[in-house]
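To start, the structure itself, in structure tokens.
Numbering (our numbering), first residue to last: 720 to 804.
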């Protein structure tokens, strides 16, 4: 075999691998909860379309990644300033 062979790179030997079709493994797999991705948020963000002035978009995009989050933060601050509570 070649040193770059993916089976040897992972260090797995099919001859010594356990037989997962026996000894209760299928039942364990059937009962296992499938979890994919991140946990759902209690209040996820809503996808929407909004029209903003080009200079506003340019300003926030110039700050790099996360520009939409920064716009969201500015709008949240504005809402807090409007609410006298």
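Heads up, the beta-carbon is just placed ideally off N, CA and C, and yes, glycines get one too.
Three-state secondary structure assigned by DSSP to residue i
{"i": "residue 796", "result": "helix"}
{"i": "residue 775", "result": "helix"}
{"i": "residue 757", "result": "coil"}
{"i": "residue 806", "result": "Here the chain comprises residues numbered 720 to 804, so residue 806 is not present and cannot be evaluated."}
{"i": "residue 781", "result": "helix"}
{"i": "residue 769", "result": "coil"}
Contact under 9 Å by Cβ, residue i with residue j
{"i": "residue 786", "j": "residue 780", "result": "yes"}
{"i": "residue 764", "j": "residue 802", "result": "no"}
{"i": "residue 733", "j": "residue 739", "result": "no"}
Nearest candidate by alpha-carbon position, reference residue i, set the options
{"i": "residue 766", "options": "774, 775, 757, 788", "result": "788"}
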